[in-house]
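Visitor:
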Amino acid sequence: MIVGIHQPNFIPWIGYFYKIYRSDIFVLLNDVQFVKNSYADRNSIKTSNGCCYLKLPLEIPSHTTNYNEIRIKHELNWKDKQLKTIEMNYKKAPFFKEVFSDVEMWFSSEEKMLDKFNSKIIMDISKKLNFSTEFVYSGDFHILDKSTDRLIDIIKLCGGDAYFSGMGGAKYQEEERYKEEKIKLIYTDFTYPEYPQLWKGFEKNLTVLDILFNCGYEKSAEIIKGAGK
2 MIVGIHQPNF
12 IPWIGYFYKI
22 YRSDIFVLLN
32 DVQFVKNSYA
42 DRNSIKTSNG
52 CCYLKLPLEI
62 PSHTTNYNEI
72 RIKHELNWKD
82 KQLKTIEMNY
92 KKAPFFKEVF
102 SDVEMWFSSE
112 EKMLDKFNSK
122 IIMDISKKLN
132 FSTEFVYSGD
142 FHILDKSTDR
152 LIDIIKLCGG
162 DAYFSGMGGA
172 KYQEEERYKE
182 EKIKLIYTDF
192 TYPEYPQLWK
202 GFEKNLTVLD
212 ILFNCGYEKS
222 AEIIKGAGK
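Next up, the structure:
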């Protein structure tokens with residue numbers, strides 16, 4: 002049983018969804034410290050003038066706060082502005098109509114908590130990509146351990162015997178601890194695939210919306226699944 006673990010980011014990039022695809026269980030890490038100006042509350046789209054950010058307005062307390070304690074400021078009426086930005090830049094994309102109706106649905110949510118708002122979008126996209134991965138929240142486990150021990154506890158509670166880690170994790174993973182616990186450590190083999198985009202030049206590291214608008218759900222799933230080396 003392969004377990005993937007990651008914070009619930011805002012409409013993540015395609016590498017995030019490759020990690021979901023490769024995992025039997027994907028843990029949405031919602032009880033760790035929130036980092037300002039990270040992919041938790043923003044992501045980029047491609048425009049005719051380069052990339053620009055979509056960003057969520059948040060209510061962030063001054064004290065240290067976890068993902069599942071952050072609220073979205075829906076009263077600022079950010080949704081209409083972002084929908085117009087998306088429409089203006091993707092209305093000529095082949096699958097705009099199909100995908101934009103889903104974006105409108107996601108943005109219509111009045112979910113106040115950041116982790117749940119992001120997670121619902123992630124889970125719905127995964128479903129539309131026909132991924133069979135099961136999702137759970139780390140906060141439901143009430144784990145007190147930190148760092149590697151925390152990840153190991155999560156994997157065990159999920160019944161996992163393998164952990165699918167991003168390449169960035171190689172810098173801090175205590176590999177011996179996983180061996181001691183008989184957990185196989187798998188580093189991602191994700192390679193960023195090129196696909197048709199609007200305007201000249203290919204931009205990487207965009208929100209998954211970019212590939213969905215340009216390729217549709219079925220083709221996007223095929224591309225994401227084939228993104229391993």
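Per our numbering, residue 2 is the first one in the sequence shown, and the count goes up by one each step. By construction, the Cβ of each residue, glycine as well, lies at the ideal position given by its N, Cα and C atoms. This structure is a prediction, so every number in the text was calculated from the model and none was measured.
With DSSP collapsed to three states, give me the class of Gln8.
Guide: Note: Gln8 maps to coil in three-state DSSP.
Visitor: From which residue to which residue does the alpha helix (DSSP H) around Glu99 run?
Guide: Per DSSP, Glu99 belongs to the alpha helix (DSSP H) from Phe97 to Phe108.
Visitor: Excluding five sequence neighbours on each side, which residues of the same chain lie with their C-beta closer than 6 Å to the C-beta of Trp107?
Guide: Taken in chain order, the residues that qualify are Ile122.
Visitor: Among Tyr138, Glu135 and Glu70, which one has its Cα closest to the Cα of Lys113?
Guide: If we check each option's Cα against that of Lys113, Glu70 comes out closest.
Visitor: Pull up the distance between the alpha-carbon of Asp190 and that of Lys93, whole angstroms please.
Guide: Going by the C-alpha atoms only, they are around 33 Å apart.
Visitor: Taking all protein chains shown into account, decide if Gly51 is buried (16 or more other Cβ within 10 angstroms of its Cβ) or exposed.
Guide: So Gly51 ends up on the exposed side.
Visitor: Distance check for Trp14 and Tyr193, CA to CA, integer angstroms please.
Guide: Each residue's alpha carbon lies about 10 Å from the other.
Visitor: Give the secondary structure of Ile126 by DSSP, where H, G and I count as helix, E and B as strand, and everything else as coil.
Guide: Reduced to three states, the DSSP call for Ile126 is helix.
Visitor: Hey, which unbroken runs of the alpha helix (DSSP H) at 4 residues or more fall wholly within the region 10-68?
Guide: Entirely contained in the region 10-68, the alpha helix (DSSP H) runs reaching 4 residues are, in chain order, 15-23.
Visitor: What residue range is occupied by the uninterrupted beta strand (DSSP E) comprising Lys185?
Guide: First-last of the beta strand (DSSP E) with Lys185: Lys185 to Tyr188.
Visitor: Quick check on His7: buried or exposed, where buried means 16 or more other Cβ atoms within 10 Å of its Cβ?
Guide: His7 should be labelled buried.
Visitor: May I have the straight-line CA-CA distance separating Asn215 from Thr66, to the nearest angstrom?
Guide: Each residue's Cα considered, the two are about 37 Å apart.
Visitor: Closest to Gly5 by C-alpha separation, out of Ser139, Glu175, His143 and Lys180, would be which residue?
Guide: Of Ser139, Glu175, His143 and Lys180, the residue nearest in Cα terms is Ser139.
Visitor: On the DSSP bridge list, what partners appear for Val114?
Guide: The amino acid occupying residue 114 in the given sequence is Met; Val does not appear at that position. Arg72.
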